[in-house]
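Novice: Before I ask anything, here is the structure I am working with.
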Amino acid sequence: MRPIIIVVALFFAAPAFAQQMLSQSEFRDAVVAMIRAEAPRAQIELRDELGITVRNTGNKELPEFQVNLDNAYREYQNDPAALTDILDRWVRFATQAPEHAQMAERVVAVVRPRAMAESMATASQDQRRESGLAPSSLVWRPLAGDLVEILVFDGAETIQYALEESLAEVGLTVDQAWSRAPLNLPERLGELEVGGVEGADRLVYVTGGNGLAPSTLLDGGVCSRGNFDRHLFLLVDRNGYIVADRTDPVAETQFRQLLDEQRLSGDAISLTPLGCHNGRIAEVALTD
1069 MRPIIIVVAL
1079 FFAAPAFAQQ
1089 MLSQSEFRDA
1099 VVAMIRAEAP
1109 RAQIELRDEL
1119 GITVRNTGNK
1129 ELPEFQVNLD
1139 NAYREYQNDP
1149 AALTDILDRW
1159 VRFATQAPEH
1169 AQMAERVVAV
1179 VRPRAMAESM
1189 ATASQDQRRE
1199 SGLAPSSLVW
1209 RPLAGDLVEI
1219 LVFDGAETIQ
1229 YALEESLAEV
1239 GLTVDQAWSR
1249 APLNLPERLG
1259 ELEVGGVEGA
1269 DRLVYVTGGN
1279 GLAPSTLLDG
1289 GVCSRGNFDR
1299 HLFLLVDRNG
1309 YIVADRTDPV
1319 AETQFRQLLD
1329 EQRLSGDAIS
1339 LTPLGCHNGR
1349 IAEVALTD
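The sequence shown begins at 1069 in the numbering used here and counts up one residue at a time.
In C-alpha cells form, the structure reads like this:
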C-alpha cells in the first residue's frame, strides 16, 4: 500500500539541521516510556500507532483515560528539535489530573470510528462498575457508515469524553447538549490547516482546528454552506480528512484510488466516503 503522505502548508519550514525522524510508533513508545518513569503503577495499553489507554491504579482523580497523540506528533513533525519539550508536556498531561473543562460552553462533538466508540463505552462502563460508581453512558450517535459523533468537553490541550452524568452536572440534558455542540464549535475551533496529498495533486487535506477539524463535517459545518454539495470527504485520522471535488474527474479518480488503498491496508480509521445531502453529511455510494 502507498502510505498517505500529507503535506500541510504550514509545515514547509525545514529544521535547521538534519536528523532521523521518529516514526509514529517510535514517538508513541517514547511517551509510554516517560509515563512509566513518572507513574510506575500505571497500566498502559497500546490502541494504535498514536493512541494509548492509561489506567492509574489507586488514583481516584484520574483512574483511566485515553491519550491521542496525533496533535503531539504533528507538533514534532513541524519542529523536530523541540522533541523533548513536546514529550515532557504531553507526559505531564498524561500523569496529572486533567484541567477543569466540564462547562456547557465547551461541549462540542467529534468524529470517531464506531468501533472505537463502542470499545470506549464498554471500557468506561467496566471501569465505573469496578470503582463502584453508578452507570453513566458516553454520549454518541451514528453519523454515517462506520463513523459516529461523540460529545466531548473541549479543553485547552485535551478533550474529555462527556457522560450523561457530566452533562447533567453542567445543567444540560443529552438533547440540549447535541443542540448546543454546533453553536459552541466556532469558539472552540482553531485555525484550520489545508494542504495536499503526495502523489494525488487534486486532493486536499484539512487538519488543525485545535484537534477539531473533522467536527466541521458535522451539523452547522461545511454541508450547511451549499458550496460543498459536489465534494467528497474521507476521514483519514482523528484530526484530518481528505476533500475531493466531484466535478473534477481526476480528483474523483484519485479519491477512489486512495479509498481502495485504505481498504487494502486493513487499518484505515474509516472506509466511508462522505458527501453533503440536504445540508448534512451522509454516506456516498460511489458507482462506476
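Heads up, the beta-carbon is just placed ideally off N, CA and C, and yes, glycines get one too.
I'd like to check one pair, G1213 with E1351: are the Cβ atoms closer than 8 Å?
Specialist: yes
Novice: Along the chain, where does the alpha helix (DSSP H) containing R1306 start, and where does it finish?
Specialist: Taken as a continuous stretch (DSSP letters only), R1306 belongs to no alpha helix (DSSP H), as it is neither H nor E.
Novice: Measuring only the C-alpha atoms, how far is V1290 from F1296?
Specialist: 7 Å
Novice: Can you check DSSP and say which residues form a bridge with W1158?
Specialist: Answer by DSSP bridge pairing: none, since W1158 is not bridged.
Novice: Would you tell me roughly how many angstroms separate the C-alpha atoms of L1211 and I1349, rounded to the nearest one?
Specialist: 8 Å
Novice: Within the same chain, show all residues whose beta-carbon is closer than 7 Å to that of R1182, passing over the 5 residues directly before and after it, in chain order.
Specialist: Once the five neighbours on either side are set aside, the close Cβ partners of R1182 are D1214, L1215, V1216.
Novice: Starting from the C-beta of A1353, find all residues in its chain whose C-beta is less than 7 Å away, skip the five residues before and the five after it, and write them out in chain order.
Specialist: Nothing meets the Cβ criterion.
Novice: Have a look at T1121 and Q1322 and give me their C-alpha separation to the nearest angstrom.
Specialist: Separation of T1121 and Q1322 (C-alpha to C-alpha, rounded to the nearest whole angstrom) is 35 Å.
Novice: Can you give the Cα-Cα distance for A1084 and A1098, rounded to whole angstroms?
Specialist: Its pLDDT being 32, under 50, A1084 is placed unreliably in this model, and the coordinates cannot settle the point.
Novice: Go ahead and label F1080 buried or exposed: buried means 16 or more other beta carbons lie within 10 angstroms of its beta carbon, across all protein chains shown.
Specialist: Confidence in F1080 is poor, its pLDDT being 29 and thus under 50, which makes the residue's placement too unreliable to answer from.
Novice: Between which residues of its own chain and G1279 is the CB-CB distance below 6 Å, once the five residues before and five after are set aside?
Specialist: If we look at G1279 and ignore the five residues flanking it on each side, its Cβ neighbours are N1139, N1307.
Novice: Would you call G1334 buried or exposed, if buried means 16 or more other Cβ atoms sit within 10 Å of its Cβ?
Specialist: exposed
Novice: Suppose contacts are defined by Cβ-Cβ distances below 8 Å. Is Q1170 in contact with V1272 by that definition?
Specialist: no
Novice: Tell me the rounded alpha-carbon separation between R1248 and S1338.
Specialist: 26 Å
Novice: What number of angstroms, rounded off, separates the C-alpha of I1072 from the C-alpha of G1200?
Specialist: Any reading at I1072 needs caution, since the residue's pLDDT is 47, under 50, leaving its predicted position unreliable; the model's value is listed next. Whole-angstrom Cα-Cα distance: 44 Å.
Novice: What residue range is occupied by the uninterrupted alpha helix (DSSP H) comprising V1100?
Specialist: 1092 to 1106 is the span of the alpha helix (DSSP H), which, as asked, contains V1100.
Novice: So what's A1336 in DSSP terms, helix, strand or just coil?
Specialist: coil
Novice: What alpha helix (DSSP H) runs, 4 residues minimum, are completely inside the stretch 1180 to 1255?
Specialist: If we require 4 residues or more, the alpha helix (DSSP H) runs fully inside the stretch 1180 to 1255 come out as 1182 to 1198, 1232 to 1237.
Novice: Leaving out five residues before and five after M1102 in sequence, what residues of the same chain have Cβ atoms less than 7 Å from its Cβ?
Specialist: L1155, V1159
Novice: CB T1163 to CB E1117, shorter than 8 Å?
Specialist: no
Novice: Please state the DSSP three-state secondary structure of F1323.
Specialist: helix
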